[in-house]
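Residues 1 to 114 (UniProt numbering) make up the sequence shown, in order.
Ideal Cβ placement from N, Cα and C applies to all residues, glycine included.
Taking it in order: structure first as structure tokens, then the write-up.
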Amino acid sequence: MNAALKRFRIVAWIVGTFLILLMFVAMPLKYFGGNDTMVSVISPIHGLCYMVYLVLAFHLAQQAGWRFWPQTVGLMLGGTVPVASFFVERWAHRRILEEHPQAADPKVRDDERV
């Protein structure tokens, strides 16, 4: 569980950062500045990272034993709204630590039980 949580947290921050760059830097440059270079670079990177985010979010929700609706769907939609992935990542981290305290200890492997 710790590895899945750590991977999800890292990718959530990456997806959130690229989405902020896309929405608040690249899109204004495209529509107000007439320069679509940043959109053509950042958009595919965000799209690829979001696909990885979806897979990791689903995997984390399955390991945590969450229901598909609303927990898993909410977790997966976190990367679609600017800055939402930061809040969803924090919510998931707190909830997993409440439900699975062994996830807080990096020495505990997934196959070991505390």
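Length of the line joining the Cα atoms of residue i and residue j
i	j	result
Leu75	Phe24	23 Å
Trp66	Val73	10 Å
Asp36	Pro101	47 Å
Phe18	Ala61	23 Å
Val39	Ala57	25 Å
Which of helix, strand or coil DSSP assigns to residue i
i	result
Trp69	helix
residue 129	The structure shown does not extend to residue 129, since the chain is modelled only from 1 through 114, so no value can be given for it.
Gly34	coil
Gly74	helix
His100	coil
Nearest-angstrom Cβ-Cβ length linking residue i and residue j, presumed shorter than 8 Å
i	j	result
Val15	His59	Incorrect: roughly 15 Å between the Cβ atoms, too far for contact.
Pick from the options that is closest to residue i, judged by C-alpha positions
i	options	result
Ile10	Pro101, Ala26, Tyr53 and Pro70	Tyr53
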